[in-house]
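Each protein sequence line maps, in turn, to chains A and B. Each residue of the first sequence is one higher than the one before, counting from 232 in this note's numbering. Each residue of the second sequence is one higher than the one before, counting from 5 in this note's numbering. Just so you know, even glycine gets a beta-carbon here, dropped at the ideal spot from N, CA and C. Since this is a predicted model, take the numbers as computed values, not measurements. Here the structure is laid out as structure tokens; the discussion comes afterwards.
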Amino acid sequence: MFRAAVGQATEAVKVIYIPPAAQEDSSRDEIGHRVKREIEALRLCRSNRLVKLGSLQLETFSFNQRDYLIYSEEFLEGETLKARITRGHRPNQAEVMLLARCLMEALREIERIGHIHRDVKPGNIMALPQPERPFVLLDLGIAFKLHGTELTVRGGGPPGTLLYMAPELFRPDYKQALDIRSDIYSAGVTLFEYAAGQHPLARRSEDIGTTVYRILRQTPPKLASLRPDLQERLCSAIDRCIKKMPALRYRDPQAFLNELEGII
Amino acid sequence: MNILAQHGHQPGEKINRGLKEAVMNGVIFSARYAPPEKARTLINEAKLMKPDAEILLDPEFYATPLIGSPNCQLGSLADWPFFKGQKRRDLIREKAVVAILKEAQQAMINLDVSAYIAPSVYIPQSFDSIEGAAALNFIERAKGVFGKKKPVYATLAVDGRALLSSGDFQAFVNDLTSLDDPPDGFYVLIGGGPLSERTDLVQADIIDAKVIGGWMFLNYVLSQNNFRVVNGFADVLTPFLAVAGGASCATGWWANLRVFSMGRYVKTPNSGGQTPAIRYLSKLLLNHIKNTERYDYSQVIPEIANGLSFDAAYDKGSPDRADEALQTWEALGSLASQVMTGNIANDLAALRDRVTKAGEAYARLRMFGITAGYETTTEYLDQLEKGIDVFKQLAELS
Numbered sequence: 232m233f234r235a236a237v238g239q240a241t242e243a244v245k246v247i248y249i250p251p252a253a254q255e256d257s258s259r260d261e262i263g264h265r266v267k268r269e270i271e272a273l274r275l276c277r278s279n280r281l282v283k284l285g286s287l288q289l290e291t292f293s294f295n296q297r298d299y300l301i302y303s304e305e306f307l308e309g310e311t312l313k314a315r316i317t318r319g320h321r322p323n324q325a326e327v328m329l330l331a332r333c334l335m336e337a338l339r340e341i342e343r344i345g346h347i348h349r350d351v352k353p354g355n356i357m358a359l360p361q362p363e364r365p366f367v368l369l370d371l372g373i374a375f376k377l378h379g380t381e382l383t384v385r386g387g388g389p390p391g392t393l394l395y396m397a398p399e400l401f402r403p404d405y406k407q408a409l410d411i412r413s414d415i416y417s418a419g420v421t422l423f424e425y426a427a428g429q430h431p432l433a434r435r436s437e438d439i440g441t442t443v444y445r446i447l448r449q450t451p452p453k454l455a456s457l458r459p460d461l462q463e464r465l466c467s468a469i470d471r472c473i474k475k476m477p478a479l480r481y482r483d484p485q486a487f488l489n490e491l492e493g494i495i
Numbered sequence: 005m006n007i008l009a010q011h012g013h014q015p016g017e018k019i020n021r022g023l024k025e026a027v028m029n030g031v032i033f034s035a036r037y038a039p040p041e042k043a044r045t046l047i048n049e050a051k052l053m054k055p056d057a058e059i060l061l062d063p064e065f066y067a068t069p070l071i072g073s074p075n076c077q078l079g080s081l082a083d084w085p086f087f088k089g090q091k092r093r094d095l096i097r098e099k100a101v102v103a104i105l106k107e108a109q110q111a112m113i114n115l116d117v118s119a120y121i122a123p124s125v126y127i128p129q130s131f132d133s134i135e136g137a138a139a140l141n142f143i144e145r146a147k148g149v150f151g152k153k154k155p156v157y158a159t160l161a162v163d164g165r166a167l168l169s170s171g172d173f174q175a176f177v178n179d180l181t182s183l184d185d186p187p188d189g190f191y192v193l194i195g196g197g198p199l200s201e202r203t204d205l206v207q208a209d210i211i212d213a214k215v216i217g218g219w220m221f222l223n224y225v226l227s228q229n230n231f232r233v234v235n236g237f238a239d240v241l242t243p244f245l246a247v248a249g250g251a252s253c254a255t256g257w258w259a260n261l262r263v264f265s266m267g268r269y270v271k272t273p274n275s276g277g278q279t280p281a282i283r284y285l286s287k288l289l290l291n292h293i294k295n296t297e298r299y300d301y302s303q304v305i306p307e308i309a310n311g312l313s314f315d316a317a318y319d320k321g322s323p324d325r326a327d328e329a330l331q332t333w334e335a336l337g338s339l340a341s342q343v344m345t346g347n348i349a350n351d352l353a354a355l356r357d358r359v360t361k362a363g364e365a366y367a368r369l370r371m372f373g374i375t376a377g378y379e380t381t382t383e384y385l386d387q388l389e390k391g392i393d394v395f396k397q398l399a400e401l402s
């Protein structure tokens, strides 16, 4: 992604390289379809909790005998949650509530257009110095249209970022279990990590197998035990998002937002 | 938490007295024991007794597979227009299911019920079955057909064995909680009980910890998803289901109105035998004991008597069937209210404490040479306690 002047505006220009290994028609088409799906999903979304499309339409071009796709999104001047967590930022109750509200409003919009995001994580959330737009969810690149297209797969496994993937996505029949509650799980892990400064289950220098085992089997600590200064009810709401069983999480983003309404 | 009467054979004045004397909060009338006109009369009478009573009617559609079976006893069910045999494969077809729901809605539309119980099928062994798919089909379409004028509770009638396969059970619950057009609540029946009302059942016949914990979990997960959960045939499990999130629990006066079984629709060889002894529900023992036992045991442990208002009929020595039913409802309501504080961790601890105290009371009775039913009772109490652990694990509370 590049910061670039497009016409009169500064935009984030996304250039997607199509590697030689993907020159076969099917792989090439697959990459093209993914990008088109992201653009189509962004075009349908009306919430400013999600990144918006820029003015550069999707195009294919070749340079030095290599093929690329190019399009633009709005340029967001800010800091990712991942960067904030890394530098030890400790949000207060109001900030955690604000992030929770923005994130769930973004998911509610994604649900409205019949998609799920599938890659909610701190690296895909931008904190902006704008009171009306404090947090924005990025990257719908692996968003999936429920009851619509086939899933995009990368290497045959479920798409997403392992540390933030809901337990049901590790099942061989995960396609049948996909619904917005998988995104609510990822949002819950993100909120937990942002509030506590640590991932609820993964530990540094741990092998992937152990992490996956923890995601599938281990009960995370209660957020209130790590952040006793936050309201118990807020902590419990975030804890509920990361239950292993989808039915134990909030049914949809609106249910979580309703819970937030009750927290002063 | 509402205590409801489970309507059945020989209701007499039990229900109206229970409502009038406020030992319970409502009734689940049975289509089997009341044809349409009688149901209307019974419902109106109940409303007169207690205008704010929770009044429901179980359409008992799940008994249709027994139509034509030898020795089936379906009572008035044949008088209800929706109660017709269906081909099993048709029950997973939307058109057929909507037609059944529409007939049931039309049959109930003029009844002054608090909410409609929408019909569904019985899931006999596994959620991963045609019946499981058919049940989801009924549940998903119920609200759309019954409309928004009154709350709609979908029937979820399941054999206890289906709860043993946790993978299929959890997958079913995941589906149940993500329906596009969900009902307002569920009427939950867990099968596995006695075949006949003549059975001298003492405790709930569901003695498997996985079934007890699974039933609690159903109440928890459905209530967490803002569904109202009404449990039929709950009996001694009432406080357990209430703590888990159940809104109402129904219990009747015969053994087969305390624990659900599909066998209740089939005449058994011992039908017509001796009428069971009148019993007393001891809160301390979590058990129905005979009146004579109540007297004997109380000499050793006075707390075995509940000290509630309907103890009076027993103290006089001549309780009748109505007294027995009223005493049961009163004791269940008292038990539930004592263990419910709104904090589930505390409530589960209180339930466990209740089970422990029941075990200690039985151990004390044994020290005094009273050993009747000791083995079965302690086994049952053991399963109750393990049921709490199963529930905590399923609900991710441990």
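Any C-beta of chain B within less than 9 angstroms: which residues of the stretch 432-453 of chain A qualify?
THR450
Helix, strand or coil for ALA236(A)? Go by DSSP, reduced to three states.
As a first step, residue 236(A) is located in the first sequence; it is residue number 5 there, counting from the start. If DSSP states are grouped into helix, strand and coil, ALA236(A) belongs with the strands.
Neighbouring residues, chain A, relative to GLN174(B) (Cβ below 8 angstroms)
For the purposes of this step, residue 174(B) is taken as residue 170 along the second sequence, with counting starting at 1. Those are MET476 and ALA478, listed as they occur along chain A.
For GLU342(A) and PRO484(A), which I take to be in contact (beta-carbon distance under 8 angstroms), what is that distance rounded to the nearest angstrom?
Taking the first residue of the first sequence as 1, we reach residue 342(A) at position 111. Taking the first residue of the first sequence as 1, we reach residue 484(A) at position 253. Indeed they touch by this definition, with Cβ atoms about 6 angstroms apart.
Residue span of the alpha helix (DSSP H) that contains PHE142(B), given as start and end
Taking the second sequence and counting its residues from 1, the one referred to as residue 142(B) is at position 138. First-last of the alpha helix (DSSP H) with PHE142(B): 134-150.
Cβ of GLY30(B) within 7 angstroms of Cβ of LEU8(B)?
Taking the second sequence and counting its residues from 1, one reaches residue 30(B) at position 26. Taking the second sequence and counting its residues from 1, one reaches residue 8(B) at position 4. Cβ distance < 7 angstroms, so GLY30(B) and LEU8(B) count as in contact.
Using 10 angstroms around the beta-carbon of ASN489(A), count the other beta-carbons present and answer buried if the total reaches 16, otherwise exposed.
Translated into positions along the first sequence, residue 489(A) becomes position 258. Exposed is the call here.
Taking SER182(B) as the query, report the chain A residues whose CB atoms sit under 9 angstroms from its CB, ordered along the chain.
Here residue 182(B) corresponds to residue number 178 of the second sequence, with the count starting at 1. The answer, in chain order, is ASP410, ILE411, ARG412, PRO477, ALA478, ARG482 and ASP483.
Between which two residues does the beta strand (DSSP E) holding GLY363(B) run?
If you number the second sequence from 1, residue 363(B) lands on position 359. That residue, GLY363(B), is in no beta strand (DSSP E); its alpha helix (DSSP H) goes 348-371.
Please compile the residues from chain A whose C-beta is within a distance smaller than 7 angstroms of the C-beta of GLN228(B).
Working through the second sequence from its first residue, we reach residue 228(B) at position 224. Here the neighbours are LEU479.
Can you tell which of VAL282(A), ILE301(A), SER278(A) and LYS283(A) has the C-alpha that lies nearest to the C-alpha of LEU289(A)?
On the first sequence, residue 289(A) is found 58 positions in, with the first residue counted as 1. Checked all of VAL282(A), ILE301(A), SER278(A) and LYS283(A); the closest Cα to LEU289(A) is ILE301(A).
Alpha helix (DSSP H) containing GLN485(A): first to last residue?
Taking the first residue of the first sequence as 1, we reach residue 485(A) at position 254. 484-492 is the extent of the alpha helix (DSSP H) around GLN485(A).
Using a Cβ-Cβ cut-off of less than 7 angstroms, give me the residues of the stretch 84-108 of chain B that come near chain A, in sequence order.
none
Measure the Cβ-Cβ separation of ILE32(B) and GLN14(B) and say whether it is below 7 angstroms.
Position 28 of the second sequence, counted from the start, is the residue given in the question as residue 32(B). Position 10 of the second sequence, counted from the start, is the residue given in the question as residue 14(B). No, these two residues do not count as a Cβ contact at 7 angstroms.
Taking one C-beta from the stretch 329-343 of chain B and one from the stretch 248-262 of chain B each time, how about it: are there three or more such pairs within less than 8 angstroms?
yes
So SER170(B) is in the alpha helix (DSSP H); what residue range does that whole segment cover?
In the second sequence, the residue the question calls residue 170(B) occupies position 166. Per DSSP, SER170(B) belongs to the alpha helix (DSSP H) from 170-180.
How many whole angstroms separate the CB atoms of LEU388(B) and ILE216(B), which I take to be in contact at a CB cut-off of 8 angstroms?
Here the question's residue 388(B) lines up with position 384 in the second sequence. Here the question's residue 216(B) lines up with position 212 in the second sequence. Contact holds; Cβ gap of about 6 angstroms.
When we look at the beta-carbon of SER303(A) and count the other beta-carbons within 10 Å, is it buried (16 or more) or exposed?
Position 72 of the first sequence, counting from 1, holds the residue named residue 303(A). Buried.
Contacting residues, own chain, Cβ-Cβ under 7 angstroms from GLY387(A) (five flanking each side not counted)
The residue labelled residue 387(A) in the question sits at position 156 within the first sequence. Residue placement at GLY387(A) cannot be trusted, given a pLDDT of 49 that sits under 50; the coordinates are not used to answer.
Host beta strand (DSSP E) of GLU308(A) (start-end)
Locating residue 308(A) in the first sequence gives position 77, counting from the first residue. Neither: GLU308(A) is in no beta strand (DSSP E) and is coded neither H nor E.
Hey, is GLU307(B)'s beta-carbon within less than 7 angstroms of any beta-carbon in chain A?
Here residue 307(B) is taken as the residue at index 303 of the second sequence, counted from 1. Not an interface residue.
Just to make sure I have the definition right: I need the residues of chain A whose C-beta is within less than 8 angstroms of the C-beta of ALA399(B). Which are they?
Within the second sequence, numbered from 1, the residue matching residue 399(B) stands at position 395. Correct list: LEU479.
On the criterion of 16 or more Cβ atoms from any shown chain inside 10 Å, does TYR395(A) qualify as buried, or is it exposed?
The residue you call residue 395(A) lines up with position 164 of the first sequence. The residue in question, TYR395(A), is buried, as its Cβ has 16 or more Cβ neighbours within 10 Å.
Step through the CB atoms of chain A and report whether any lies within less than 7 angstroms of the CB of ASN178(B).
Within the second sequence, the letter at position 174 stands for residue 178(B). Output row for ASN178(B): interface = yes.
Which same chain residues, not among the five before or five after VAL351(A), have their C-beta less than 8 angstroms away from its C-beta?
As a working mapping, residue 351(A) is identified with position 120 in the first sequence. These residues qualify, in order along the chain: LEU334, LEU338, LEU368, TYR395, ASP414, SER417, ALA418 and THR421.
ILE211(B) and TYR384(B): beta carbons closer than 7 angstroms?
For this step, residue 211(B) is matched to residue 207 along the second sequence. For this step, residue 384(B) is matched to residue 380 along the second sequence. It is a contact, given that the beta carbons lie within the stated cut-off.
Ignore the nearest five residues each way along the sequence and tell me which others in LYS147(B)'s own chain have a CB closer than 6 angstroms to its CB.
As a position in the second sequence, residue 147(B) is number 143, starting the count at 1. Excluding residues within five positions, the ones whose Cβ falls inside 6 angstroms are VAL156, ASP185 and PRO187.
Which of the three DSSP states, helix, strand or coil, is assigned to SER467(A)?
Translated into positions along the first sequence, residue 467(A) becomes position 236. Looking at SER467(A) - three-state DSSP - the assignment turns out to be helix.
Any chance you could list the alpha helix (DSSP H) runs of at least 4 consecutive residues sitting entirely within the stretch 315-349 of chain A, in chain order?
324-343
Neighbourhood of LYS361(B) by C-beta, 7 angstroms cutoff - its chain only, sequence neighbours within 5 removed:
The residue you call residue 361(B) lines up with position 357 of the second sequence. Answer for LYS361(B): LEU288, listed in chain order.
Just the C-alpha distance for PHE131(B) and GLY164(B), rounded to the nearest angstrom, thanks.
The sequence position of residue 131(B) within the second sequence is 127, counting from 1. The sequence position of residue 164(B) within the second sequence is 160, counting from 1. Rounded to the nearest angstrom, the two C-alpha atoms are 11 angstroms apart.
In whole angstroms, what is the alpha-carbon distance linking ARG480(A) and LYS18(B)?
Stepping through the first sequence from its first residue, residue 480(A) is reached at position 249. Stepping through the second sequence from its first residue, residue 18(B) is reached at position 14. Their backbone Cα atoms lie some 42 angstroms apart in a straight line.
Since VAL225(B) meets chain A, which of its residues come closer than 9 angstroms, beta carbon to beta carbon?
The residue you call residue 225(B) lines up with position 221 of the second sequence. Ordered by position in chain A, the residues that pass the 9 angstroms Cβ test against VAL225(B) are MET476, ALA478 and LEU479.
Quick one, are the C-beta atoms of GLY12(B) and TYR37(B) less than 7 angstroms apart?
Here residue 12(B) refers to the residue found at position 8 when the second sequence is read from its first residue. Here residue 37(B) refers to the residue found at position 33 when the second sequence is read from its first residue. Contact: yes.
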